[in-house]
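Positions in the sequence shown are counted from 1; adding 5 to them yields our numbering.
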Amino acid sequence: MQIHEITRLLEERKATLAVLLCHVNADPDAVCSAYAFSKLIQQLRPSLKTEIATPQGPSRLSKFLLAAVPAKFTTDPDIEKADVIVLLDTNTIQQLGDWSERVKASKAALIVIDHHASHPETEQRATLTVADEKASSASEIVYRLFKEAEVKPAIEMACIKGYAQKERSCLINCRLNLGFFEHTVNNFAGR
């Protein structure tokens, strides 16, 4: 099971910081898979600090999605202090733009989670690759990791299953449903 390989690597490295990176102009698949993966590893290793980042920020469509998902992205990830770096929906280090040289120079373990064909340079640098070219998205792969770990995704991650199934309408429905849920909870709480 791939989730066990990931957790074993985190334990071997005595990881305290995992930096999750998406490609330049990150699309909804990159954003959803990074956010969901951060939540999964935080449930499995609560003491692990995670940072999510995308060089030059997320795409316009991803920003729309992020208005409904409480994901926090940093503009300056601590790549040099990371124990583990995870590339999501990113099959080449070059897709990291200005950050690519920092990742190449890092001594951190590198995990690649992707649904694209692996790049030879990335394969050489990667400590662990979780890839499936038959998967529709990186989100689908992350969703499978939740299932392997027997962890149920929280409601705010409903987008990953829908996006994993390539339902573009999920982006809009997810935002509307989450907005309604948040509104209901806030009204119930008297906010």
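We treat Cβ as the ideally placed atom computed from N, Cα and C, and that holds for glycine. A quick note: this is a predicted structure, and the numbers were derived from the prediction, not measured.
Sub-8 angstroms separation of residue i and residue j beta-carbons
i: residue 60; j: residue 92; result: no
i: residue 36; j: residue 75; result: no
i: residue 82; j: residue 26; result: yes
i: residue 115; j: residue 131; result: yes
Residues bridged to residue i (per DSSP)
i: residue 93; result: 118
i: residue 58; result: 26 and 79
i: residue 135; result: 118
i: residue 31; result: 63
Among the options, the one whose alpha carbon lies nearest that of residue i
i: residue 119; options: 42, 18 and 65; result: 42
i: residue 135; options: 16, 113 and 96; result: 96
i: residue 70; options: 32, 99 and 45; result: 32
Burial state of residue i, where buried means 16 or more other Cβ atoms lie within 10 Å
i: residue 196; result: Low per-residue confidence applies at residue 196: pLDDT is 41, beneath 50, and the placement is therefore not dependable enough to give any value.
i: residue 52; result: exposed
i: residue 28; result: buried
Residues near residue i in its chain [Cβ-Cβ closer than 7 angstroms; skip 5 each side]
i: residue 47; result: 53 and 55
i: residue 84; result: 24, 90, 104, 107, 108 and 111
i: residue 86; result: 22
i: residue 151; result: 45 and 158
i: residue 113; result: 87, 88, 89 and 90
Own chain, CB closer than 6 angstroms to residue i, minus 5 neighbours either side, in chain order
i: residue 79; result: 56 and 58
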